[in-house]
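**Q** Quick one: the structure is below, and I'll ask about it shortly.
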Amino acid sequence: MPKSNSQQKAAPSVLDLEERTWLGAHLRGDQQAFAKLMQAYRKPVYSFLVRNGIDSACRDDVFQEVFLKIHKSAHSYQANRPLSPWIFTIAINTIRNFQRKVQPAILSLEAAAVIEDEAPSPDSTAQLDETIDWLEQAVIQLPPAQAEAFTLSIIKGMKIKQVSEILGLPLNTIKTQLRRARQTLLDSFQSNKDNHPGVKHDQ
Amino acid sequence: MTNDMNKCDDIRSQLFELNPTDSLTESMKKHLDQCAACSSVHQDLMAINQGVQLMPEHDVSDAVFDQTLQAIQAEKTPSHFRPKGINPQWASGLAASFVLVAVAGLIYNGSISEFQADFNQVPATSEVGADTKTRYNQTNKEAVSVNKPAAEEDRKRDANKAETARQAGGFTAAEPEMNETKPVSAERVVNVPLEQSIPAKPKAVSAGVLAEVLADHTARNDGLVTVEDRFEFADDEQDRRQSVGKAAVTGSRLKRSEPLPVIESAHDADKTLDQLLPHVQQVVPEAAVDYDQGAVELKKQQDPVAQFKNAELMASKAEKGDLKPSAVSTPRRGTHKDGLLANMEEGEAFASDDSMAGALGSGAPTDQSVAMKYLADLQNTAHLKFKSATGYWANSYLPGDPNMRWIQAQLKQDHGLNLPLIQQNVQPFDYPTHAALALYLNSDHQSLNESGPTRMRLQVGVQAGQQKGGHRSALNLAVVLDLGLPQKSSMYKQESMALLQALLKAKQPTDQISVYVSGGGQLIAADDFRHGPIQVALDQLFSQPQTNESDLLQTLATAHAWLKSQDDPNAVLGSSAVLLVSANQAFAQTTDLASIETRVQQNAIDGITLSTVSLAGIEHRLPLQRLALLGQGHSRVLAGAQDAQRLIDQELLVSSRAVARALRLQIKLAEGVQLIDVLDSYALSEAQAQKVRDAEQSLDQRMAKNLGIAADRGKDDDGIQIVIPSYFAGDTHVILLDVLVNRPGPVAEVSAKYKDLIYLRNATSQKSLHLSTGQNQLGPLELNVMKNVLAQHLSHTVKQASQAIRRGDQTTAVMKLQHILELYQGMRQHIPAWKSDAEMQQDESIIQQYLHLLNSQSSINPKQYQLIADSMRFMSWRKLISHSP
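Protein sequence lines, in the order shown, are assigned to chains A and B.
According to full-length UniProt numbering, numbering within the first sequence proceeds without interruption in unit steps and concludes at 203.
According to full-length UniProt numbering, numbering within the second sequence proceeds without interruption in unit steps and concludes at 885.
Below you can see the structure in the form of structure tokens.
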């Protein structure tokens, strides 16, 4: 089960050790094992999809695809390694595949000029009267690379080394992405504060 | 000042690096106390961090969760999972050690030379020391080969295995695959792997593909004569052929003598009826696989080699006393006299096991007289009439039949009938590796009779690769928007815009797309089909006040006129199409619907297809679906603007499955070989042949113009010529010839000349068959040919039974089905390798289901009889075609 960063521990917990056995049991035909896994990871995986910008219309499909891939790749999981990074590796790959497929068409300038900007308008942003709500939107709008690193590291509480392994990027690149993500969020946060001084943010 | 700025930058940089749980260093604290700006940044970052910690988790709905879990639990354990066995590296080492020891032993005994002998000298019988003149005498050669060394290696390897087996008292060179575990392939059996006559080129990435409807339509309308009597269910074969020929020449294929039934279900999903009829799959679970996805699996499960191996294993066990004699069924190769007839004389020995017949429900021993007569007819050489093995013959590869699609759509509805499903036999052909198509030539005989002529079936197999072509010819498309009255909402504007944008994205430079609006004439000219004009036109259209004008008939007439003016006389028929986009919820109440249907049908005959897209939801789809059927197109429903790309992709890109165009098969029979018939085909008249030539040359020129594949057609070849306009990825097709061979030597030579859409070139593949005299044996390939002949017989019989039901003559239908059932049961009992053949068992089961339905007359109403007839007609078609309708 993924933990927040405050709960992160060096040694694997009992729960960690237990969840490592689930896929093995699933392969041996234990139907309850995969149900346990899905129950444990339904929220983390779904939240991960939300925060990596998967459109609500497609989210359920991607969610199903992630768990189908987990099922189909179960044989490749090594039980001596933590389960959570393995699952999020599948999730991130599924998200990337999906985003490649739904890459928006590059429109010509004349068409782009008349198509409305779908980003939240200042008015709608002003209605986000809590930082959390604002953060939900802000994280989704991060560039994909920053969103991936930020979600895994800050929100899921994974170590940078794990994030590096999951995303297949060097440690320093992850650190850079995290720094940029924070910078982006900070700029957005301050800009939002300046434009809407009446809006109170939790501090 | 500069130092202060540097310090601030440094501190902020450290702040950005901090994790939420990290504490500040003393120097940072000190700076933050002194610097309001940095302190503010810190506060903001803290706020963000706190917010992150408090962000709630999102959760998936329970329904989706349950659905996912059920889907996964319904699946089997992942196939990749294997229990841990011996370490592969250890196994390799162990095997290498054995080989070394064996070689050392042979060298020590001086017998290594035995393994260096000419492998062509391997005897053909299983008896050690048998006369080498009776060795495996079938060869099958490529005329041109670039992979000869590899072929030689394969041949030697196979022969080596055979030699080893022979020395061990095992199998002969005639069936080297019996010792192999992998699925049988035509190439491996004849010991000459597929060799491509053209070296591989890197795949060209080219935009463009052809709408399946257009390609399918083209496949049938390129002027090529078909063998299907689509809507005319003639009573006798002669009438059938005459009507087909006439229809093909006049182009009036849509002769319809009965009203169109109402269709309530989707018909454009190109899937088989598997989903509808799961019970059929329960009869033979091992065959219950999705046809497209599971073909390979099915090949493995139904591998004739494996079946032979089972028979051998059983025989071996019996010899050791491990099995009771009644359970044994072995081919007894050493005692064969002369092919099948010899087998027939020993039929009782093989028919000792009635368990299968019992399992299929008959319970009683099967009467083999039907099977004996069938086999005797196959072997008969007396009083034969021969045909000229030259000229153009009808093409029997007809994918995408709209009539069959229509029947399939009917059958998908739940009628309370237990209608079964049939599928084409899986062919043991390897996929091509460096070409779009692979060609195979086999026969149901391994060798010829020593005394007198031999009657046999030749089989020409064409296997397409699984890679898709991705090319299409230029397209003239008229998009007709029928928005109706109350539908001018922003939603429909978005959806229309999304559809046109998707079309624009898929448009190739040679395409012409024009937009018309019902009641308003041409909205966007072909030259203006660009982003700007599209946007402006739609803005204007949807900003205009609503009117009652909606003259779809007139608009379609205008669109058709434009298409005809744009259509190149040399262009492939079917390159022009109408896409009717309707948001009209009252479409069914359109006053001139009958006139519209007549016009659409007439234009489809003239080569302009019509597909429909409903923006008004699934419930308003029926009349559009009917229109699409008449227009030989597809009917689709748009599920929101985000669905537009998928829809257009389906409409335009599905036919990227075409891997070859203008496939010309040339079959030349050798001197001394006489043609009795080409099964499921017939010789074309001169007028029909001229249409084939014209269509082929048209394709040839269009390919040269669009894809740069040099034009190379225009001359007739010797021998039998069959032209197939389009061949689709993954498809398999066999052409069977009934011939009489009078002397040993060359029997036939086949060449396939086609436009390779994978490698964008003219490609040619050739095969030849030589046979000598000797003892005939039934190897896996011979059995495959026999099974295909039997499948044709089944298809025709079921079709005849279907026609009988349509005439109201259920008795004849039952008799025909009973006859074919007895034939199948007799054949399975007579030929040991077919005893547990899953495909044949499934066919038998299906026949029994039909018999059960027809025999329960009290519970069947007249309408249901028509459904049964339709179902049988569809099954008859599906048995011989690997492509969905």
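Ideal placement from N, C-alpha and C gives every residue a C-beta, glycine not left out.
All values reported here derive from a predicted model rather than from experimental measurement.
Specify whether the segment 448-456 of chain B and the segment 729-744 of chain B touch according to this definition: at least 3 beta carbon pairs, one from each stretch, less than 8 Å apart.
**A** The segment 448-456 of chain B vs the segment 729-744 of chain B: in contact.
**Q** So with CB distances below 9 Å, who are the chain A contacts of residue 887/B?
**A** No information on residue 887/B is available, as it lies outside the stretch 1 to 885 that chain B covers here.
**Q** Looking at residue 731/B and residue 376/B, is the spacing between their C-beta atoms short of 7 Å?
**A** Counting from 1 along the second sequence, the entry for residue 376/B is found at position 376. Counting from 1 along the second sequence, the entry for residue 731/B is found at position 731. Cβ distance not < 7 Å, so residue 376/B and residue 731/B don't count as in contact.
**Q** For the alpha helix (DSSP H) that residue 96/A lies in, which residues bound it at each end?
**A** Mapped onto the first sequence, residue 96/A falls at position 96. Run containing residue 96/A: 83-101, per the alpha helix (DSSP H) assignment.
**Q** 7 Å is my cut-off, CB to CB: does residue 479/B come that close to chain A?
**A** Translated into positions along the second sequence, residue 479/B becomes position 479. Residue 479/B does not count as touching chain A.
**Q** Does residue 10/B have its Cβ less than 7 Å from a Cβ in chain A?
**A** Along the second sequence, read from residue 1 onward, the residue named residue 10/B stands at position 10. Chain A contact via Cβ: absent.
**Q** Just to make sure I have the definition right: I need the residues of chain B whose C-beta is within less than 8 Å of the C-beta of residue 64/A. Which are they?
**A** As a working note, residue 64/A is residue 64 in the first sequence. Near residue 64/A (Cβ distances below 8 Å), the residues of chain B are 64, 67, 68, 71.
**Q** Check the Cβ of residue 88/A against every Cβ in chain B and list those closer than 9 Å, keeping chain order.
**A** Walking along the first sequence from the start, residue 88/A turns up at place 88. By Cβ distance, chain B contributes nothing, its closest Cβ being about 14 Å from residue 88/A, past 9 Å.
**Q** So which of 430/B, 500/B, 772/B has the shortest CA-CA distance to residue 450/B?
**A** As a working mapping, residue 450/B is identified with position 450 in the second sequence. Here the closest residue by C-alpha is 772/B.
**Q** Pair every Cβ in the segment 51-61 of chain A with every Cβ in the segment 142-162 of chain A, then say whether three or more of these pairs are closer than 8 Å.
**A** Flag = yes, the segment 51-61 of chain A and the segment 142-162 of chain A touch.
**Q** Leaving out five residues before and five after residue 869/B in sequence, what residues of the same chain have Cβ atoms less than 7 Å from its Cβ?
**A** The residue given as residue 869/B occupies position 869 in the second sequence. The answer, listed in chain order, is 802, 805, 806.
**Q** Does DSSP put residue 20/A in a helix, in a strand, or in coil?
**A** On the first sequence, residue 20/A is found 20 positions in, with the first residue counted as 1. In the structure shown, residue 20/A sits in a helix (DSSP, three-state: H, G or I).
**Q** Determine the chain B residues that contact residue 98/A at a beta-carbon separation under 8 Å, and present them in chain order.
**A** Taking the first sequence and counting its residues from 1, the one referred to as residue 98/A is at position 98. Here the premise fails: no neighbours, minimum Cβ distance about 13 Å.
**Q** Give me, in chain order, the residues of the same chain whose beta-carbon lies closer than 6 Å to that of residue 613/B; leave out the 5 immediate sequence neighbours on both sides.
**A** As a working mapping, residue 613/B is identified with position 613 in the second sequence. So the list reads 581, 636, 638, once near-sequence residues are dropped.
**Q** Please check if any C-beta of chain A sits within less than 7 Å of the C-beta of residue 497/B.
**A** Here residue 497/B refers to the residue found at position 497 of the second sequence. By this cut-off, residue 497/B is not an interface position.
**Q** What does residue 152/A reach in chain B if we use C-beta pairs closer than 8 Å?
**A** As a working note, residue 152/A is residue 152 in the first sequence. Residues of chain B passing the Cβ test: none, with the nearest at roughly 12 Å.
**Q** Give the secondary structure of residue 149/B by DSSP, where H, G and I count as helix, E and B as strand, and everything else as coil.
**A** As a working note, residue 149/B is residue 149 in the second sequence. Low confidence applies to residue 149/B: its pLDDT is 38, below 50, so where it sits in the model is not reliable enough to give any reading.
**Q** If I measure Cβ to Cβ from residue 184/A and keep anything under 7 Å in the same chain, skipping five residues before and after, which residues do I get?
**A** Here the question's residue 184/A lines up with position 184 in the first sequence. Hits under 7 Å: 142, 146.
**Q** From which residue to which residue does the beta strand (DSSP E) around residue 63/A run?
**A** Your numbering for residue 63/A matches position 63 in the first sequence. Residue 63/A -> not in any beta strand (DSSP E); alpha helix (DSSP H) instead, spanning 56-72.
**Q** Give the range of the alpha helix (DSSP H) segment to which residue 825/B is assigned.
**A** Working through the second sequence from its first residue, we reach residue 825/B at position 825. 810-830 is the extent of the alpha helix (DSSP H) around residue 825/B.
**Q** Under 8 Å Cβ-Cβ, which residues of chain A neighbour residue 28/B?
**A** Here residue 28/B refers to the residue found at position 28 of the second sequence. Under the 8 Å cutoff, chain A gives no residues; its nearest Cβ is about 15 Å from residue 28/B.
**Q** Residue 138/B CB to nearest chain A CB: under 7 Å?
**A** Sequence index remark: in the second sequence, residue 138/B carries index 138 (1-based). Note on residue 138/B: pLDDT 43, under 50, position unreliable in the model; the coordinate value appears next. Not an interface residue.
**Q** Can you find a CB in chain B that lies within less than 7 Å of the CB of residue 133/A?
**A** Locating residue 133/A in the first sequence gives position 133, where the first residue counts as 1. Not an interface residue.
**Q** Quick one: which residues of the segment 46-70 of chain A get their C-beta closer than 7 Å to a C-beta of chain B? List them in chain order.
**A** Those would be 46, 47, 50, 57, 60, 63, 64, 67, 68, in chain order.
**Q** With contact counted as at least three CB pairs below 8 Å, one residue from each stretch, are the segment 662-670 of chain B and the segment 746-753 of chain B in contact?
**A** With the cut-off at 8 Å, the segment 662-670 of chain B and the segment 746-753 of chain B touch.
**Q** Taking just the CA atoms, how far does residue 396/B sit from residue 435/B?
**A** Along the second sequence, one-based indexing puts residue 435/B at 435. Along the second sequence, one-based indexing puts residue 396/B at 396. Near 22 Å, if we compare the C-alpha coordinates of residue 396/B and residue 435/B.
**Q** Give a yes or no on whether 7 Å exceeds the smallest Cβ distance from residue 35/A to chain B.
**A** Against the first sequence, residue 35/A aligns to sequence position 35. Yes, residue 35/A counts as interfacial toward chain B.
**Q** Check whether the segment 620-634 of chain B and the segment 713-725 of chain B are in contact - that is, three or more C-beta pairs closer than 8 Å.
**A** Not touching, per the Cβ criterion.
**Q** When the distance is taken between beta carbons, is residue 882/B closer than 7 Å to residue 799/B?
**A** In the second sequence, counting from the first residue as 1, residue 799/B sits at position 799. In the second sequence, counting from the first residue as 1, residue 882/B sits at position 882. Result no, Cβ atoms of residue 799/B and residue 882/B do not sit closer than 7 Å.
**Q** Determine, using beta carbons only, whether residue 587/B comes closer than 7 Å to chain A.
**A** Indexing the second sequence from 1 puts residue 587/B at position 587. Cβ-Cβ to chain A under 7 Å: no for residue 587/B.
**Q** Could you tell me the alpha carbon to alpha carbon distance between residue 65/A and residue 67/B, rounded to whole angstroms?
**A** Taking the first sequence and counting its residues from 1, one reaches residue 65/A at position 65. Taking the second sequence and counting its residues from 1, one reaches residue 67/B at position 67. Using only the alpha carbons, I get a separation of about 12 Å.
**Q** When you compare each of 880/B, 578/B, 19/B to residue 158/A by their alpha carbons, which one comes out closest?
**A** The sequence position of residue 158/A within the first sequence is 158, counting from 1. With distances taken between Cα atoms, residue 158/A lies closest to 19/B.
**Q** Round the Cβ separation of residue 692/B and residue 492/B to the nearest angstrom and send it over; I've been treating them as touching at under 8 Å.
**A** For the purposes of this step, residue 692/B is identified with residue 692 of the second sequence, where counting begins at 1. For the purposes of this step, residue 492/B is identified with residue 492 of the second sequence, where counting begins at 1. With a Cβ gap of about 45 Å, residue 692/B and residue 492/B do not count as contacting.
**Q** Chain B beta carbons: is any one of them nearer than 7 Å to that of residue 81/A?
**A** Taking the first residue of the first sequence as 1, we reach residue 81/A at position 81. No, residue 81/A does not count as interfacial toward chain B.
**Q** Closest Cβ-Cβ distance between residue 649/B and chain A: below 7 Å?
**A** The sequence position of residue 649/B within the second sequence is 649, counting from 1. For residue 649/B, the answer is no, since every Cβ of chain A falls outside 7 Å of its Cβ.
**Q** Kindly indicate which residue of 475/B, 498/B, 542/B, 540/B has the alpha-carbon position closest to the one of residue 514/B.
**A** Position 514 of the second sequence, counting from 1, holds the residue named residue 514/B. Here the closest residue by C-alpha is 475/B.
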